[in-house]
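Visitor: Numbering (the working numbering), first residue to last: 372 to 707.
To start, I am sharing the structure in question, which I have written as structure tokens.
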Ligand code: FAD
Ligand code: EPU
């Protein structure tokens with residue numbers, strides 16, 4: 372057991388916030404995790420890639436980085452391959468593994484930062500696909516019962532950027548591995564306009580999961596700031612859902628507003644980035660905390676921002692959107 376004391380977490384959160392953990396260790400197996408838990412009376416903070424957290428202060432307890440590795444084919448039938456990946460695998464490494472073996476389903480989720488184990492936390496999604504669409508089951512260690520449980524698709528209560536692990540089981544479960552159900556004959560998702568445009572631009576004549584992956588990578592690289600260059604955690608807020616009546620009223624007042632049908636047409640999901648931009652936040656900088664100049668949904672750390680400064684900026688943004696549009700935004704990033 373190798374526990375470090377009083378260590379900076381700056382390099383392991385993509386916002387690059389310089390906070391300290393009283394105790395820190397990594398674990399590469401359930402046995403190592405259980406051994407480390409004996410050391411910590413309170414629930415530890417589990418980290419994967421640190422790409423969806425904002426630290427607002429030092430962590431007084433134990434931080435544990437999940438490094439459980441391994442990707443294996445556990446079962447296959449006529450249509451599907453069932454592939455189990457350790458929670459500490461890098462998500463995009465897993466995507467590449469699937470692409471190389473012609474297993475379809477995760478190509479639209481290419482290049483999302485972070486670990487396999489954190490992916491079910493908020494049911495990661497991009498370009499028309501969410502992990503719930505390829506999820507089979509996961510194993511998690513329950514810190515209260517001190518047992519490993521299997522969660523099937525229904526158990527996880529997946530929603531848009533939601534799961535049971537962000538709600539009832541918050542800080543209670545350590546996800547150990549995830550099994551995905553991938554297609555042998557892929558079904559292509561190109562309904563997101565930008566994907567079709569990018570495939571055309573690339574001159575792709577025959578669709579393939581590799582071509583879609585490359586299109587998604589190109590779009591992401593052109594739009595989203597690279598955390599290696601400028602600290603960020605992707606979209607800071609969720610895109611809010613409103614009733615269709617509210618949508619009609621907003622559309623009448625703001626004809627340019629961007630929204631998409633949600634809940635099978637029963638509601639409308641609004642593009643929060645558009646509303647934030649209309650409130651004049653795009654490119655605004657307060658010290659080293661800022662609202663990104665190309666993507667207003669992304670808050671950034673230009674260098675030495677404290678988590679609290681980024682949080683305060685997010686609060687101002689949230690309030691101004693509510694004042695102008697009567698819509699309350701919800702933070703997507705986990706505030707710690
Ligand atoms: P962390 O930030 O380490 O942890 C996130 C939360 O999960 C924390 O609460 C942590 O305690 C908990 N956690 C982590 N691992 C475990 C585990 N094994 N067991 C239990 N709890 C755990 N997200 C999308 O959905 N779609 C996108 O398109 C997208 N684009 C992004 C682009 C950029 C540039 C960035 C920086 C982020 C983006 N994100 C996106 C957000 C982020 O990539 C995902 O939320 C990702 O799943 C986080 O993984 P992580 O390992 O870094 O999690
Ligand atoms: N828009 C603006 N101004 C902005 C930003 C966006 O007007 O500053 C408009 C765009 O022009 C577009 C619409 O808003 O019409 C949507 O923008 P985009 O396609 O860039 O997607 P998004 O809503 O900003 C969401 C996810 C991303 C995901 C992409 C692609 C959320 C909270 N965010 O972003 O996920 O990669 O769609 O599917 O749902 C993340 O969760 O961290 C993340 C990056």
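Glycine included, each C-beta is placed from N, C-alpha and C at the ideal position.
Using C-beta distances below 8 Å, list every residue in its chain close to residue 519, excluding the 5 sequence neighbours before and after it, in chain order.
Guide: By one-based count along the chain shown, residue 519 stands at place 148. So the list reads 401, 510, 511, 512, 513, 547, once near-sequence residues are dropped.
Visitor: Would the stretch 585-604 count as touching the stretch 618-625 if we require 3 or more Cβ pairs under 8 Å?
Guide: no
Visitor: Note down the Cα distance separating residue 413 from residue 432, rounded to an integer number of angstroms.
Guide: Taking the chain shown and counting its residues from 1, the one referred to as residue 413 is at position 42. Taking the chain shown and counting its residues from 1, the one referred to as residue 432 is at position 61. So the two alpha carbons sit approximately 7 Å from each other.
Visitor: Does the distance from the CB of residue 388 to the CB of residue 661 come in under 7 Å?
Guide: Locating residue 388 in the chain shown gives position 17, where the first residue counts as 1. Locating residue 661 in the chain shown gives position 290, where the first residue counts as 1. No, the pair does not count as a contact, with Cβ atoms beyond the cut-off.
Visitor: Less than 7 Å between the C-beta atoms of residue 459 and residue 439, yes or no?
Guide: As a working mapping, residue 459 is identified with position 88 in the chain shown. As a working mapping, residue 439 is identified with position 68 in the chain shown. A Cβ-Cβ contact shorter than 7 Å links residue 459 with residue 439.
Visitor: Any heavy atom of the ligand FAD closer than 6 Å to the beta-carbon of residue 411?
Guide: The sequence position of residue 411 within the chain shown is 40, counting from 1. The answer is no for residue 411.
Visitor: Could you spell out where the alpha helix (DSSP H) holding residue 617 opens and where it closes?
Guide: Within the chain shown, residue 617 is the residue found at index 246, counting from 1. Taken as a continuous stretch (DSSP letters only), the alpha helix (DSSP H) holding residue 617 covers 615-624.
Visitor: So, helix, strand or coil for residue 518, using DSSP?
Guide: In the chain shown, the residue the question calls residue 518 occupies position 147. In the structure shown, residue 518 falls within a strand segment according to DSSP collapsed to helix, strand and coil.
Visitor: Following a CB-centred definition, is residue 486 positioned closer than 6 Å to any heavy atom of the ligand FAD?
Guide: Along the chain shown, read from residue 1 onward, the residue named residue 486 stands at position 115. True, at least one ligand heavy atom lies under 6 Å from that Cβ.
Visitor: Report the three-state DSSP secondary structure of residue 405 (helix, strand or coil).
Guide: On the chain shown, residue 405 is found 34 positions in, with the first residue counted as 1. In the three-state reduction of the DSSP assignment, residue 405 falls in the helix class, which pools H, G and I.
Visitor: Go ahead and pull the three-state DSSP assignment for residue 527.
Guide: Start at 1 with the first residue of the chain shown, and residue 527 comes out as number 156. Shown here, residue 527 sits in a helix according to DSSP, grouped into three states.
Visitor: Which residues in the same chain have their Cβ closer than 7 Å to the Cβ of residue 427, if we skip the five residues on either side of it in sequence?
Guide: For the purposes of this step, residue 427 is taken as residue 56 along the chain shown, with counting starting at 1. Scanning its chain for C-beta atoms nearer than 7 Å, with the 5 sequence neighbours on each side dropped, one finds around residue 427 the residues 678, 679, 682, 706, 707, in chain order.
Visitor: Check for me: the beta strand (DSSP E) holding residue 447 runs from which residue to which?
Guide: By 1-based counting over the chain shown, the position of residue 447 is 76. Counting along the chain, the beta strand (DSSP E) containing residue 447 begins and ends at 442-447.
Visitor: Does at least one heavy atom of the ligand EPU sit under 6 Å from the Cβ of residue 618?
Guide: Translated into the one-based positions of the chain shown, residue 618 becomes position 247. Every heavy atom of the ligand EPU is 6 Å or more from the Cβ of residue 618, so no.
Visitor: If you draw a straight line from the alpha carbon of residue 382 to that of residue 531, how long is it in whole angstroms?
Guide: The count along the chain shown starts at 1 and reaches residue 382 at position 11. The count along the chain shown starts at 1 and reaches residue 531 at position 160. In a straight line, the C-alpha of residue 382 is about 29 Å away from that of residue 531.
Visitor: Looking at the secondary structure, which residues open and close the beta strand (DSSP E) in which residue 452 lies?
Guide: The residue given as residue 452 occupies position 81 in the chain shown. First-last of the beta strand (DSSP E) with residue 452: 451-457.
Visitor: Decide if residue 610 is buried, meaning its Cβ has at least 16 other Cβ atoms within 10 Å, or exposed.
Guide: Walking along the chain shown from the start, residue 610 turns up at place 239. It counts as buried.
Visitor: Strictly by DSSP, which residues pair up with residue 662?
Guide: Numbered from its first residue, the chain shown carries residue 662 at position 291. In DSSP, residue 662 forms a bridge with 670.
Visitor: Mapping DSSP to helix, strand and coil, what is residue 594?
Guide: Translated into the one-based positions of the chain shown, residue 594 becomes position 223. Reduced to three states, the DSSP call for residue 594 is helix.
Visitor: Take every Cβ of the stretch 572-584, pair it with every Cβ of the stretch 534-546, and state whether three or more of those distances are shorter than 8 Å.
Guide: no
Visitor: Who are residue 496's beta bridge partners in DSSP?
Guide: Here residue 496 refers to the residue found at position 125 of the chain shown. According to DSSP, which records beta bridges pairwise, residue 496 is partnered with 501.
Visitor: May I ask you to report which of helix, strand or coil DSSP gives residue 384?
Guide: Your numbering for residue 384 matches position 13 in the chain shown. Coil, per DSSP.
Visitor: Helix, strand or coil for residue 553? Go by DSSP, reduced to three states.
Guide: For the purposes of this step, residue 553 is taken as residue 182 along the chain shown, with counting starting at 1. The three-state secondary structure of residue 553, taken from DSSP, is strand.
Visitor: Helix, strand or coil for residue 537, going by three-state DSSP, please let me know.
Guide: Taking the chain shown and counting its residues from 1, the one referred to as residue 537 is at position 166. Here residue 537 sits in helix by DSSP.
Visitor: For residue 685, I'd like the list of residues in its chain whose CB is within less than 7 Å of its CB, leaving aside the five on either flank, ordered along the chain.
Guide: Indexing the chain shown from 1 puts residue 685 at position 314. Around residue 685: 607, 670, 702.
Visitor: Looking at the secondary structure, which residues open and close the alpha helix (DSSP H) in which residue 423 lies?
Guide: As a working mapping, residue 423 is identified with position 52 in the chain shown. That residue, residue 423, is in no alpha helix (DSSP H); it is neither H nor E in DSSP.
Visitor: Should residue 462 and residue 496 be called a contact, given that it needs their Cβ atoms to be closer than 7 Å?
Guide: As a working note, residue 462 is residue 91 in the chain shown. As a working note, residue 496 is residue 125 in the chain shown. Not in contact: residue 462 and residue 496 (Cβ atoms no closer than 7 Å).
Visitor: Grouping DSSP H, G and I as helix and E and B as strand, with all else coil, what is residue 466?
Guide: Locating residue 466 in the chain shown gives position 95, counting from the first residue. Residue 466 falls in the helix class under three-state DSSP.
Visitor: Quick one: residues in its chain with C-beta nearer than 7 Å to the C-beta of residue 655, no 5 flanking neighbours on either side, listed in chain order?
Guide: Mapped onto the chain shown, residue 655 falls at position 284. Closer than 7 Å at the Cβ level, and outside the excluded window around residue 655, lie 661, 662.
Visitor: Out of curiosity, what's the CA-to-CA distance linking residue 469 and residue 635?
Guide: Translated into positions along the chain shown, residue 469 becomes position 98. Translated into positions along the chain shown, residue 635 becomes position 264. Residue 469 and residue 635: Cα-Cα distance of roughly 30 Å.
Visitor: For residue 647, which of helix, strand or coil comes out of DSSP?
Guide: As a working note, residue 647 is residue 276 in the chain shown. If DSSP states are grouped into helix, strand and coil, residue 647 belongs with the helices.
Visitor: Might you give, ordered along the chain, the residues of its own chain that have their beta carbon closer than 7 Å to the beta carbon of residue 633, omitting 5 neighbours on each side?
Guide: Residue mapping note: residue 633 aligns to position 262 of the chain shown, counting from 1. Cβ neighbours of residue 633 beyond the five flanking positions: 612, 639, 640.
Visitor: If I measure Cβ to Cβ from residue 378 and keep anything under 6 Å in the same chain, skipping five residues before and after, which residues do I get?
Guide: For the purposes of this step, residue 378 is taken as residue 7 along the chain shown, with counting starting at 1. If we look at residue 378 and ignore the five residues flanking it on each side, its Cβ neighbours are 392, 395.
Visitor: Should residue 599 be counted as a contact of the ligand EPU given a C-beta to heavy atom distance under 6 Å?
Guide: Here residue 599 refers to the residue found at position 228 of the chain shown. Answer for residue 599: no, Cβ out of range of the ligand EPU.
Visitor: So who's on the other strand from residue 437, going by DSSP bridges?
Guide: Taking the chain shown and counting its residues from 1, one reaches residue 437 at position 66. Partner(s): 398.
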